[in-house]
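For the sequence shown, position 66 (counting from the first letter as 1) is numbered 65 according to numbering that gives the first Met the number 0, and the numbering increases by one without interruption.
Please read the structure below before turning to the comments.
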Amino acid sequence: MADLELMNAPDLFRLRTTTKRQHTDLVTRVYNMINRRASQAVFAVLSTDLEAALERITAINERYVIAGELDDQERAAAEDYIQGVAAVNRQARLAIGGYLQPGANPRFEGWIVEDSNVDQALQQNPPTEFTGTEENQDS
């Protein structure tokens, strides 16, 4: 991430904020995909993206701390900031892991088809007669 070496503290701060927003959007996408019961392949990509996003924002934060010549209080705030992002990232990964666990997602389980009427022939429902009297009652 050599491009970070050339940036000043205000630009790094903006980049850190933008990168965190992208990370938050990615985490939101993870939870949306869980709700939509997405495939394992989707979560393989999302897991990789989560890891890369955390690495990127951590690198930006570290460079921001150095370039900004922050005092102890500001350094502590920057550390809390990255710890918060890491916690959200960890929770999203745990959610993916829980979703992909056997038994947690019926989509990944085999179908169980039971039919207690195997020996009986299928019968057509008898046709129903329409008299039209139901329509006239409302009028």
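Built from N, CA and C at the ideal position, the CB exists for glycine as well.
Nearest Cα to Y98 within the set Y63, D71 and L45: L45. Around the beta carbon of I59, 16 or more other beta carbons lie within 10 angstroms, which makes this residue buried. For a cut-off of 8 angstroms, the C-beta gap from T18 to I56 is around 5 angstroms, short enough to register as a contact.
In this structure, the CA atom of A8 is about 46 angstroms from the CA atom of P101. Going by DSSP, N34 is part of the alpha helix (DSSP H) stretching over A8 to N34.
In the displayed model, L69 falls within coil according to three-state DSSP, outside both helix and strand. Counting other Cβ atoms within 10 Å of its Cβ, I33 reaches 16 or more and is therefore classed as buried.
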